[in-house]
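**Q** First to last, the sequence lines map onto chains A and B.
For the first sequence, our numbering begins at 13 and goes up steadily by one.
For the second sequence, our numbering begins at 13 and goes up steadily by one.
Positions of the beta carbon are idealized from the N, C-alpha and C atoms, including for glycine.
One structure coming up, written as structure tokens, with questions to follow.
Number of protein chains: 2
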Amino acid sequence: MEEILLSHGSGGKLTQNLIDEIFIKELDNEILRSKNDAAILDLEGERLAFTTDSFVINPIFFPGGNIGELAVCGTVNDLATSGAIPKYLSLSLIIEEGLPITELKQVIKSVSETAKKAGVKIVTGDTKVVAKGEADKLYINTTGVGSLSTKLNISADRAKPGDMILVNGNLGEHGIAVLSERKGLEFETIVKSDTAPLSGLVSDILEVTDQVKVLRDPTRGGLATTLNEIAEASQVGIKLQEDKLPISETVEAASQMLGLDPLYLANEGKLIVIVPEEEVEDVLEAMQKSEYGVKSAIIGQVTADEPGRVVLENNFGASRVLDMLTGEMLPRIC
Amino acid sequence: MEEILLSHGSGGKLTQNLIDEIFIKELDNEILRSKNDAAILDLEGERLAFTTDSFVINPIFFPGGNIGELAVCGTVNDLATSGAIPKYLSLSLIIEEGLPITELKQVIKSVSETAKKAGVKIVTGDTKVVAKGEADKLYINTTGVGSLSTKLNISADRAKPGDMILVNGNLGEHGIAVLSERKGLEFETIVKSDTAPLSGLVSDILEVTDQVKVLRDPTRGGLATTLNEIAEASQVGIKLQEDKLPISETVEAASQMLGLDPLYLANEGKLIVIVPEEEVEDVLEAMQKSEYGVKSAIIGQVTADEPGRVVLENNFGASRVLDMLTGEMLPRIC
Numbered sequence: 013m014e015e016i017l018l019s020h021g022s023g024g025k026l027t028q029n030l031i032d033e034i035f036i037k038e039l040d041n042e043i044l045r046s047k048n049d050a051a052i053l054d055l056e057g058e059r060l061a062f063t064t065d066s067f068v069i070n071p072i073f074f075p076g077g078n079i080g081e082l083a084v085c086g087t088v089n090d091l092a093t094s095g096a097i098p099k100y101l102s103l104s105l106i107i108e109e110g111l112p113i114t115e116l117k118q119v120i121k122s123v124s125e126t127a128k129k130a131g132v133k134i135v136t137g138d139t140k141v142v143a144k145g146e147a148d149k150l151y152i153n154t155t156g157v158g159s160l161s162t163k164l165n166i167s168a169d170r171a172k173p174g175d176m177i178l179v180n181g182n183l184g185e186h187g188i189a190v191l192s193e194r195k196g197l198e199f200e201t202i203v204k205s206d207t208a209p210l211s212g213l214v215s216d217i218l219e220v221t222d223q224v225k226v227l228r229d230p231t232r233g234g235l236a237t238t239l240n241e242i243a244e245a246s247q248v249g250i251k252l253q254e255d256k257l258p259i260s261e262t263v264e265a266a267s268q269m270l271g272l273d274p275l276y277l278a279n280e281g282k283l284i285v286i287v288p289e290e291e292v293e294d295v296l297e298a299m300q301k302s303e304y305g306v307k308s309a310i311i312g313q314v315t316a317d318e319p320g321r322v323v324l325e326n327n328f329g330a331s332r333v334l335d336m337l338t339g340e341m342l343p344r345i346c
Numbered sequence: 013m014e015e016i017l018l019s020h021g022s023g024g025k026l027t028q029n030l031i032d033e034i035f036i037k038e039l040d041n042e043i044l045r046s047k048n049d050a051a052i053l054d055l056e057g058e059r060l061a062f063t064t065d066s067f068v069i070n071p072i073f074f075p076g077g078n079i080g081e082l083a084v085c086g087t088v089n090d091l092a093t094s095g096a097i098p099k100y101l102s103l104s105l106i107i108e109e110g111l112p113i114t115e116l117k118q119v120i121k122s123v124s125e126t127a128k129k130a131g132v133k134i135v136t137g138d139t140k141v142v143a144k145g146e147a148d149k150l151y152i153n154t155t156g157v158g159s160l161s162t163k164l165n166i167s168a169d170r171a172k173p174g175d176m177i178l179v180n181g182n183l184g185e186h187g188i189a190v191l192s193e194r195k196g197l198e199f200e201t202i203v204k205s206d207t208a209p210l211s212g213l214v215s216d217i218l219e220v221t222d223q224v225k226v227l228r229d230p231t232r233g234g235l236a237t238t239l240n241e242i243a244e245a246s247q248v249g250i251k252l253q254e255d256k257l258p259i260s261e262t263v264e265a266a267s268q269m270l271g272l273d274p275l276y277l278a279n280e281g282k283l284i285v286i287v288p289e290e291e292v293e294d295v296l297e298a299m300q301k302s303e304y305g306v307k308s309a310i311i312g313q314v315t316a317d318e319p320g321r322v323v324l325e326n327n328f329g330a331s332r333v334l335d336m337l338t339g340e341m342l343p344r345i346c
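Printed below as a string of structure tokens:
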């Protein structure tokens with residue numbers, strides 16, 4: 013490892029190496045080491061969730077959304093998946109000189125509308141401008157603070173054999189939507205990004221159970237990479253049922269055409285939920301009633317076999333291992 | 013205003029226009045409207061300070077510091093100037109493909125050392141990688157959370173006629189240090205950036221008085237621009253004594269050579285303090301005893317004349333108006 017490669021930003025294995033070998037090694041503390049999407053802070057006796065994300069998506073406008081909506085949803089969702097109620101966001105822009113003001117206004121309007129929908133306020137910000145060729149149109153950082161009930165204990169290392177795994181809808185749509193816009197591809201149906209704030213869905217789940225083990229949004233690296241992170245953090249196996257995975261025909265066809273695996277495609281507005289087996293029916297029902305959970309499904313189960321591994325089983329009983337993403341499939345997907 | 017210009021990122025008038033006409037208009041809420049460097053949040057009855065900054069400085073290594081040290085100090089200082097005790101930072105990187113890993117390690121080492129010095133923990137992070145030509149080496153966002161005593165009420169709109177204005181040391185050093193590195197200039201003495209965490213200095217001040225009106229770090233746009241912001245927010249005049257302004261001979265000479273005004277040059281690790289007249293001697297003494305305040309000086313006074321104006325008076329009684337920075341003096345200075 014001598015210089016930074018695009019794949020260091022993939023969200024997969026090389027990103028993990030970078031985090032472990034440089035960031036955690038140098039900046040080590042207990043909170044950082046837990047490696048959840050949001051840090052849990054103790055501030056004057058209150059528990060807060062705190063998370064950050066920089067968005068470098070290309071193009072900044074895509075079917076179903078834009079970088080502003082994405083930047084709000086991404087951070088809101090990282091708070092929500094820690095079990096917190098998202099409250100406040102910061103908004104920091106790096107703008108490439110020459111960006112049309114109308115585009116900036118459109119992005120900020122989306123930020124505003126999405127923040128309202130998610131129930132958060134943008135309370136502080138920063139703007140930097142760099143010369144042409146020193147950025148690509150617009151990069152956005154949002155960092156968020158949420159309040160966390162002391163009853164909850166949701167973390168990637170809490171999955172236990174027997175727990176059930178759910179997801180709230182179709183996989184791979186964000187990846188295909190962005191890619192089709194970028195490459196000027198047209199499919200039979202337009203695939204729209206599934207960008208959405210998940211705070212409402214999470215609170216609907218937490219209303220029926222306080223036993224949720226893991227919540228995670230499978231963005232960069234897709235479902236397969238996120239489940240690998242959970243399998244490793246919890247030291248459990250994960251078994252998925254191929255025929256239960258919700259993937260639309262268009263995404264399936266587009267992925268085949270492009271030689272991509274939808275299980276590694278980036279999602280937005282998607283939630284992986286892991287709960288004890290006895291809670292799964294209540295949780296599924298609550299999810300299916302929620303605005304962004306209509307297509308929710310049980311997709312697999314946590315096992316004691318092969319700790320750290322994610323295995324996909326098809327209808328004929330054949331299975332294959334789903335590894336973590338290596339290399340970079342689609343740079344600048346979020 | 014049709015497209016974004018470099019000067020929209022100067023920290024001066026055009027940045028203010030952008031904030032007022034696009035960000036505040038669209039994202040409006042009471043906290044954002046206060047336009048302080050840190051937002052003051054009320055979360056479950058606790059008062060928190062919350063602030064964000066993206067750092068795009070060029071070059072990423074400069075005499076006296078690097079982008080990592082700067083990114084920690086900048087956000088720590090925005091928390092400290094709100095009167096808060098800085099506690100937690102997030103760290104989000106946008107890396108240009110090809111950055112040598114040794115340089116990344118060096119930057120993260122600085123982040124770690126500076127965080128320790130400032131008494132904050134890096135608790136969450138994010139890494140994105142973009143292709144060559146889509147960024148310039150490394151951009152860093154840090155966002156910080158601090159805890160705030162309920163006794164304090166420090167804000168840019170609290171200056172009153174009669175209040176005294178202090179600064180903790182020499183002006184313009186960061187600007188000249190970065191510029192000399194960028195242009196390969198050599199001066200008689202090497203000018204080093206004054207990057208420093210100000211949390212200790214602020215707590216030393218708050219130990220002698222809880223009557224501090226305004227604390228502000230004059231970074232982009234320099235002393236003149238920051239004082240203009242305060243004059244406008246408080247609707248007061250500000251009168252500075254030219255012979256009291258601490259400027260080193262080297263910075264003075266370098267500025268003249270380059271045709272720059274040190275009062276508009278970016279500072280780091282500098283603090284503007286505004287206190288009631290009866291407190292000023294105690295505050296000055298406390299500042300001069302503090303690690304980063306040895307060269308502290310009283311530089312001027314708040315007046316009732318000409319609200320919104322900053323006036324510089326020389327020894328002969330002549331005066332000139334110091335306007336807010338217009339245009340961009342030194343892009344990517346922080």
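Which ranges does the alpha helix (DSSP H) cover as unbroken runs of at least 4 residues, wholly within the region 185-238 of chain A, from first to last along the chain?
**A** Complete alpha helix (DSSP H) runs here, min 4: 185-195 and 211-220.
**Q** How would you call residue 200 of chain B, buried or exposed, if buried means at least 16 neighbouring beta carbons within 10 angstroms?
**A** With fewer than 16 Cβ atoms within 10 Å of its Cβ, residue 200 of chain B is classed as exposed.
**Q** When DSSP labels each residue in this structure, what does residue 276 of chain A get in the three-state scheme?
**A** Here residue 276 of chain A sits in helix by DSSP.
**Q** Which chain A residues sit within Cβ distance under 7 Å of residue 13 of chain B?
**A** Those are 113, listed as they occur along chain A.
**Q** Give the single residue among A:66, A:24, A:159 and A:151 whose Cα lies nearest to the Cα of residue 380 of chain B.
**A** The question about residue 380 of chain B has no answer, for chain B in this structure spans 13 to 346.
**Q** Spell out whether any CB of chain D is found under 9 Å from the CB atom of residue 304 of chain A.
**A** Among the protein chains of the structure shown, namely A and B, there is no chain D.
**Q** Can you give me the Cβ contacts of residue 99 of chain A inside the same chain, cut-off strictly under 7 Å, excluding the 5 residues immediately before and after it?
**A** Correct list, in chain order: 132, 157, 158 and 159.
**Q** Return the CA-CA distance between residue 255 of chain A and residue 261 of chain A, expressed in angstroms with no decimal places.
**A** Approximately 13 Å, taken between the alpha carbons.
**Q** Would you list, in chain order, the members of the region 121-148 of chain A that have their beta-carbon closer than 8 Å to a beta-carbon of chain B?
**A** Correct list: 121, 123, 124, 127, 133, 134, 135, 136, 137, 138, 139, 140, 141, 142, 143, 145, 146, 147 and 148.
**Q** Should residue 65 of chain A be flagged as near chain B, meaning a C-beta pair shorter than 9 Å?
**A** With 9 Å as the cut-off, residue 65 of chain A counts as an interface residue toward chain B.
**Q** Any idea if residue 28 of chain A is buried or exposed, counting beta-carbon neighbours within 10 angstroms, 16 or more meaning buried?
**A** Classification for residue 28 of chain A: buried.
**Q** Nearest CA to the CA of residue 194 of chain A: which residue from A:344, A:82 and A:34?
**A** Checked all of A:344, A:82 and A:34; the closest Cα to residue 194 of chain A is A:344.
**Q** Do you know offhand how far residue 79 of chain A's Cα is from residue 39 of chain B's?
**A** Whole-angstrom Cα-Cα distance: 16 Å.
**Q** Could you list which residues in chain A have their beta carbon closer than 7 Å to that of residue 62 of chain B, in chain order?
**A** Per Cβ cutoff of 7 Å: 100, 102, 135, 136 and 157.
**Q** Of all the alpha helix (DSSP H) runs that stay within the bounds of the region 297-330 of chain A, which reach a length of 4 or more residues?
**A** DSSP runs (the alpha helix (DSSP H)) wholly in the region 297-330 of chain A: none.
**Q** Exposed or buried, residue 299 of chain A, counting other C-beta atoms within 10 Å across all chains shown (16 or more means buried)?
**A** The residue is buried, with at least 16 neighbouring Cβ atoms inside 10 Å.
**Q** Going residue by residue through the region 37-75 of chain A, where are the continuous beta strand (DSSP E) segments of at least 3 residues, counting only ones entirely within it?
**A** Entirely contained in the region 37-75 of chain A, the beta strand (DSSP E) runs reaching 3 residues are, in chain order, 51-55 and 58-67.
**Q** Near residue 163 of chain A, which residues of its chain fall below 8 Å by C-beta distance, leaving aside the five closest residues on each side in sequence?
**A** Closer than 8 Å at the Cβ level, and outside the excluded window around residue 163 of chain A, lie 222.
**Q** Consider the Cβ of residue 25 of chain B: report whether some Cβ of chain A lies at a distance smaller than 9 Å.
**A** No, residue 25 of chain B lies away from the interface with chain A (no Cβ there is under 9 Å from its Cβ).
**Q** Could you please give the first and the last residue of the uninterrupted alpha helix (DSSP H) stretch that includes residue 80 of chain B?
**A** It spans 79-92 - the alpha helix (DSSP H) in which residue 80 of chain B sits, taken as one unbroken run.
**Q** Please state the DSSP three-state secondary structure of residue 26 of chain A.
**A** Three-state result, residue 26 of chain A: helix.
**Q** Hey, is the region 323-343 of chain A in contact with the region 319-331 of chain B, meaning 3+ C-beta pairs nearer than 8 Å?
**A** With the cut-off at 8 Å, the region 323-343 of chain A and the region 319-331 of chain B do not touch.
**Q** Counting only beta-carbon atoms, is residue 244 of chain A nearer than 9 Å to chain B?
**A** Answer no: the Cβ-Cβ gap between residue 244 of chain A and chain B never drops below 9 Å.
**Q** Given a cut-off of 9 Å, decide if residue 250 of chain A and residue 152 of chain A are closer than it, judged by their beta-carbon atoms.
**A** Cβ atoms of residue 152 of chain A and residue 250 of chain A: not closer than 9 Å.
**Q** Verify the CB distance criterion: does residue 265 of chain B have a CB-CB separation below 9 Å to chain A?
**A** No - not a single Cβ of chain A is within 9 Å of the one on residue 265 of chain B.
**Q** Considering only residues of the region 96-146 of chain B, which uninterrupted alpha helix (DSSP H) runs meet the minimum length of 4 residues and lie entirely inside it, listed in chain order?
**A** Complete alpha helix (DSSP H) runs here, min 4: 113-130.
**Q** Between which two residues does the beta strand (DSSP E) harbouring residue 347 of chain B extend?
**A** Shown here, chain B extends from 13 to 346; a query on residue 347 of chain B therefore has no answer.
**Q** How would you list, in chain order, the residues of chain A whose beta-carbon sits under 8 Å from the beta-carbon of residue 355 of chain B?
**A** An answer regarding residue 355 of chain B cannot be provided, because it is not within the stretch 13 to 346 covered by chain B.
**Q** What does a CB cutoff of less than 6 Å around residue 247 of chain B pick up in its chain, not counting 5 residues either side in sequence?
**A** The answer, listed in chain order, is 319.
**Q** In whole angstroms, give me the CA-to-CA distance for residue 312 of chain A and residue 138 of chain B.
**A** Those two C-alpha atoms are separated by around 29 Å.
**Q** Report the residue from B:273, B:112 and B:237 whose alpha carbon sits nearest the alpha carbon of residue 149 of chain B.
**A** Nearest option by C-alpha distance: B:112.
**Q** Just the C-alpha distance for residue 61 of chain A and residue 269 of chain B, rounded to the nearest angstrom, thanks.
**A** Cα to Cα, residue 61 of chain A sits roughly 50 Å from residue 269 of chain B.
**Q** Comparing alpha-carbon positions, which option in A:196, A:92 and A:116 lies nearest residue 50 of chain A?
**A** Nearest C-alpha to residue 50 of chain A: A:92.
**Q** Anything in chain B within Cβ reach of residue 35 of chain A, meaning under 7 Å, just list it in chain order.
**A** Simply 120 and 137.
**Q** Any beta-carbon of chain B closer than 9 Å to the one on residue 229 of chain A?
**A** Not one chain B Cβ lies under 9 Å of residue 229 of chain A.
**Q** Based on Cα-Cα distance, which residue from B:192, B:275 and B:115 lies nearest to residue 181 of chain B?
**A** When only C-alpha atoms are compared, the closest one is B:275.
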